[in-house]
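Visitor:
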Amino acid sequence: MIRNVLPSWKYRLAGCLLLLAGVSTVNAQGSMTAAAAKVNDKMVKLFGIGGLKGLASYGSGILVSENGHILTVNNHILVNTTGLKVHLYDGRQYQAKVLFREPELDIALLKIDEEVNALPHFEFDKEAARPMAENGDWILAFSNQFQIALRDEPMSVQRGVIMAVADLRGRRGVFDAPYNGDVYFLDVIACNPGAAGGVVTNRKGELLGILGRELKSTSTDTWVNYAVPIQAAVDVQRDDKTAKVSMAMFVKDAMKGTYKQSTKIVRKDLGGYHGIVLVVNAVSSTPPYVEEVATGSPAEKTGLRPDDLILYVEGYSVPTIKIFRETLKQYGPGEEIRVQLQRGSKLESVKLKLGNQPKVPVPN
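Counting from 287, one number per residue, gives the positions in the sequence shown under my numbering.
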C-alpha cells in the first residue's frame, strides 16, 4: 500500500511557520499592551454636571501638557465652568476649570487648578503633523465609557478598524452635531456614555482622533461610532470675518491664553424678545435658571417653566446668566432658536421663536 507522506523537511517547515506565526501574534499582543499602558497614563477621568436621564456625569479627556492642560469634548459636564473633578491615571484627584471652548470643533481646553508638572501627555502639535489615517487601518479606542474607571483603574480599551472617512451628519434630539466635517467611522461601539473626549490611536499608541459625543445619523437614525481626526479644521466667524481654525491651533493658542472663540454676528439692538425672567444674577457664575415666564411671551408658548435650567442655545453652552444674555442678543425677531434645558431629572429640547421687543421693557 502506497502512503501519501510528506517529506520530513516539509513537516519541519510547516512546524517552523506555525511557530513563527505564534511568536508574531504574541509580539503583536505585547506591543499593543505596552502602547495601551502609555496611552492610559496620558488620559484623565472627568466628573462634572450630569447624572440625569440620558446625561452621564462623567467623561474622558487627554493631557496635552505636563502642567495639566486637558483637551476634551465641549459637552454638558462642562456647563459649570468651575468645580470639575479630574482623576489621573495614578488615582490623584484635582479640581479643574474650563479655559477656552471652540463650539465649531466641539472641543474645550481645561486646566488643573493646582500646580502640577512632569505629567505624561500627548505632544499635540507633533501628533497632528502626521498624515490622517485611512480606511482599513487598525485602531485602539480608549475612554471611561460606562464609568469603568473611577480612580487609578485603567481606561477601557477596544480594538477595531476604521471603516470609512466621511462627513459627519449627526444629531442629538433636535440638535444637529456642532461639528460636521470629516470623521473616522469605527467598527467598534466606542461612543457610549462617558466616552466623549476619549481617544483613538494606532496600534503604536500614536494619536489619531478624539471620540465624540453620542449622536444619531440624520440619514439613517442609527447611533454612530466615530472620532474627530486631530487634523480637523473648520471655518469660524470672528468679528464679521471668516478664519480657519484647526484643532492643533486651538490647543496651542488656548494653552497660551490667546485663543479667540468663534462668534456669531453681534446685533446692535436687544435682539428678539423671549419673555424669560431669570433668577437674580448674584454672582458672575450664576447659572441661567428660569424664575418666571412672562404671560403671552414666546417662552410661555414654547412651554418653558420656572426652575428650568438652560444649558445650550443653538448648540452653544450658556453656563452663566451673562453668557445666556449675550448669546440671545445675537438672534433677532422671527428667528427660531433651539434651546436645551434641564427640567428636574430630565433633559428637554425645545424650539423658541423670538418676537419683537415690547414697547414697555420687561426683564430678561
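Backbone N, C-alpha and C define an ideal beta-carbon position, used for all residues, glycine too.
From a predicted model like this one, the values you see are computed outputs, not experimental measurements.
Report buried or exposed for A540, applying the criterion of at least 16 other Cβ atoms within 10 angstroms of its Cβ.
Guide: Here residue 540 corresponds to residue number 254 of the sequence shown, with the count starting at 1. It is buried - the Cβ of A540 has at least 16 other Cβ atoms within 10 Å.
Visitor: In the DSSP assignment, the alpha helix (DSSP H) including L405 goes from what residue to what residue?
Guide: Position 119 of the sequence shown, counting from 1, holds the residue named residue 405. Run containing L405: none; DSSP gives neither H nor E here.
Visitor: Quick one: is Y470 buried, meaning 16 or more other Cβ sit within 10 Å of its Cβ, or exposed?
Guide: On the sequence shown, residue 470 is found 184 positions in, with the first residue counted as 1. Under this definition Y470 is a buried residue.
Visitor: Determine the burial state of F408: buried for a count of at least 16 other Cβ atoms within 10 Å of its Cβ, exposed for fewer.
Guide: Taking the sequence shown and counting its residues from 1, one reaches residue 408 at position 122. Under this definition F408 is a buried residue.
Visitor: Counting Cβ pairs closer than 8 Å, one from the stretch 597-617 and one from the stretch 349-366, do we hit at least three?
Guide: The stretch 597-617, when compared against the stretch 349-366, does touch it at the 8 Å Cβ threshold.
Visitor: How far does the beta strand (DSSP E) with I398 in it reach, from first residue to last?
Guide: Counted from its first residue, the sequence shown places residue 398 at position 112. I398 -> beta strand (DSSP E) spans I393 to I398.
Visitor: Run through the stretch 537-615 for me and flag every whole alpha helix (DSSP H) of 4 or more residues, listed as ranges in chain order.
Guide: Segments of the alpha helix (DSSP H) lying fully in the stretch 537-615: 584-588 and 607-614.
Visitor: Just to check my reading of the structure: V330 and L391 have Cβ atoms closer than 8 Å, yes? What is that Cβ distance to the nearest angstrom?
Guide: Reading the sequence shown from its first residue, position 44 is the one you call residue 330. Reading the sequence shown from its first residue, position 105 is the one you call residue 391. Not quite, the Cβ-Cβ distance comes to about 19 Å (not below 8 Å), so this is no contact.
Visitor: How should Q523 be labelled, buried or exposed, when 16 other C-beta atoms within 10 angstroms of its C-beta is the threshold for buried?
Guide: Here the question's residue 523 lines up with position 237 in the sequence shown. Classification for Q523: exposed.
Visitor: Is N360 near the ligand NAP, going by C-beta to nearest heavy atom under 6 Å?
Guide: Summarising the ligand content, the structure contains no ligands, and the ligand NAP is consequently not present.
Visitor: Does the Cβ of V460 have 16 or more other Cβ atoms within 10 Å, making it buried, or fewer, making it exposed?
Guide: Sequence index remark: in the sequence shown, residue 460 carries index 174 (1-based). Because the pLDDT at V460 is just 49, under 50, the model does not fix this residue reliably, and the value given afterwards should be weighed accordingly. It is exposed - the Cβ of V460 has fewer than 16 other Cβ atoms within 10 Å.
Visitor: Below 8 Å on the Cβ atoms is my contact criterion, and I expect I496 with V510 to pass it. Report the Cβ-Cβ distance as a whole number of Å.
Guide: As a working note, residue 496 is residue 210 in the sequence shown. As a working note, residue 510 is residue 224 in the sequence shown. Not really, about 15 Å apart at Cβ, beyond 8 Å.
Visitor: Please confirm if the stretch 482-496 is in contact with the stretch 350-361, defined as three or more CB-CB distances below 8 Å between the two stretches.
Guide: With the cut-off at 8 Å, the stretch 482-496 and the stretch 350-361 touch.
Visitor: In its own chain, which residues sit with a C-beta less than 7 Å from the C-beta of A382, not counting the 5 before and 5 after it?
Guide: Numbered from 1 along the sequence shown, position 96 holds the residue referred to as residue 382. Within the same chain, A382 has close Cβ partners I356, L370, V372, L396, K397, I398 and D399.
Visitor: Specify, as a first and last residue, the run of the beta strand (DSSP E) that Y344 falls within.
Guide: Taking the sequence shown and counting its residues from 1, one reaches residue 344 at position 58. Unbroken beta strand (DSSP E) run through Y344: Y344 to L349.
Visitor: Take V312 and list the residues in its own chain whose beta-carbon comes closer than 7 Å to its own, dropping the five residues that flank it on each side.
Guide: For this step, residue 312 is matched to residue 26 along the sequence shown. Caution applies to V312, whose pLDDT of 44 falls short of 50 and renders its modelled position unreliable; the value that the coordinates give is listed next. Same-chain partners within the cutoff: there are none.
Visitor: Could you give the distance in angstroms between the alpha-carbon of I475 and the alpha-carbon of G557?
Guide: Working through the sequence shown from its first residue, we reach residue 475 at position 189. Working through the sequence shown from its first residue, we reach residue 557 at position 271. Taking the straight line from one Cα to the other gives about 43 Å.
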